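A.B. asks: In UniProt numbering, the protein residues as written are 1 to 260. All residues carry an ideal CB built from backbone N, CA and C; glycine is no exception. Model, not experiment: these values are computed from the prediction.
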Amino acid sequence: MDKKTMEINNVGNNNKSLIHLAISFRKLCIATACLPLVTLLICFVTAYIFQQDDIHETHCRVYNVLPSISAITGVSPQRYLWRVTIALHIGPRLVIATVYHSYYRKILTDLEDLPKKLIGCRLLNLCFWLNIIEIAALCGVTYISNRENYYAHEKIFIMFMVSSLTYMLAAVKLGRLLTPNAQSLHYKQILFTTSIVSTIGLIIFFLKHRLLCHDLAFSWFSLCEYIIASANMGFHVTVIMDFPKEQLIVGYGLPATKVD
1 MDKKTMEINN VGNNNKSLIH LAISFRKLCI ATACLPLVTL LICFVTAYIF
51 QQDDIHETHC RVYNVLPSIS AITGVSPQRY LWRVTIALHI GPRLVIATVY
101 HSYYRKILTD LEDLPKKLIG CRLLNLCFWL NIIEIAALCG VTYISNRENY
151 YAHEKIFIMF MVSSLTYMLA AVKLGRLLTP NAQSLHYKQI LFTTSIVSTI
201 GLIIFFLKHR LLCHDLAFSW FSLCEYIIAS ANMGFHVTVI MDFPKEQLIV
251 GYGLPATKVD
């Protein structure tokens, strides 16, 4: 039994509490981020080897070498693996969003600068709801594939992109305001910048493909899409820097104080 477990057990014994489960929050966050990344890699490799004709089919039917995320997760059986993965991914994402909201709310409660506190509260609420919208949009683009309903998939994808980028921006601004010295803030700023640049490229190449039907335009669009997805996952995994030692605990009669 390690020191961390002994401390938690002592807290439980001293307060007549019962701990059913204690999970490292850091490990949970890493698993949550790695799950879609590994599944995406599996979908890409298997679809590229066995279903090239299906994943390379485009609107203009021009030469294409790199399929989009929607293409590799929209064919069978990869679509079922991707849907199961996102189902497992969503629950922890909601927990992480709630923990972040509680973490910053505690900082704001102790803040004495009223104007700064007011701005912080607005940014915090904006971050939380944008994060929820992003998660909901992720569900939408996963379970409504472009092969089943292209127009609905396209609109939900746009909602995902907008909510994701605005969430990143709001989270960076909130970090600069309340935790300017946090190590995670540096990485968040880099990943946000990467996402913005890649989104501009995504829009340009999508228009080139859709309107002008240029060869390889869709491949460049897909590359931008993969970069955006990776930056998004990286942005969310920076949570491990803000909560390196915390644990997610399920128990009875636990004290309200945080166990370090």
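(1) Using the three-state DSSP reduction, which class does G253 fall into: helix, strand or coil?
(2) Would DSSP call I23 helix, strand or coil?
(3) Which residue wins for smallest C-alpha separation from L223, given the options R26, H20, S68?
(4) Leaving aside the five residues before and after T85 along the sequence, list all residues of the same chain whose C-beta is less than 7 Å from its C-beta, in chain order.
(5) Determine the direct distance from the alpha carbon of S164 to that of R83, and round the result to whole angstroms.
(6) Look up K3 in the DSSP assignment and say whether it is helix, strand or coil.
(7) Taking 7 Å as the cut-off, decide whether the C-beta atoms of L169 and G234 are in contact.
(8) Quick check: the region 139-146 against the region 91-111, are there 3 or more CB pairs under 8 Å?
(9) For the 8 Å Cβ check, are there 3 or more pairs between the region 170-178 and the region 200-220?
(10) Note down, in chain order, each residue of its chain lying with its Cβ closer than 8 Å to the Cβ of Y63, except the 5 sequence neighbours on either side.
C.D. replies: Taking the coordinates as given:
(1) coil
(2) strand
(3) S68
(4) L35, P36, T39
(5) 20 Å
(6) Reliability of the predicted coordinates at K3 is poor, the pLDDT of 47 falling under 50, and the value obtained from them is presented with this limitation in mind. K3 falls in the helix class under three-state DSSP.
(7) no
(8) no
(9) no
(10) D215, L216
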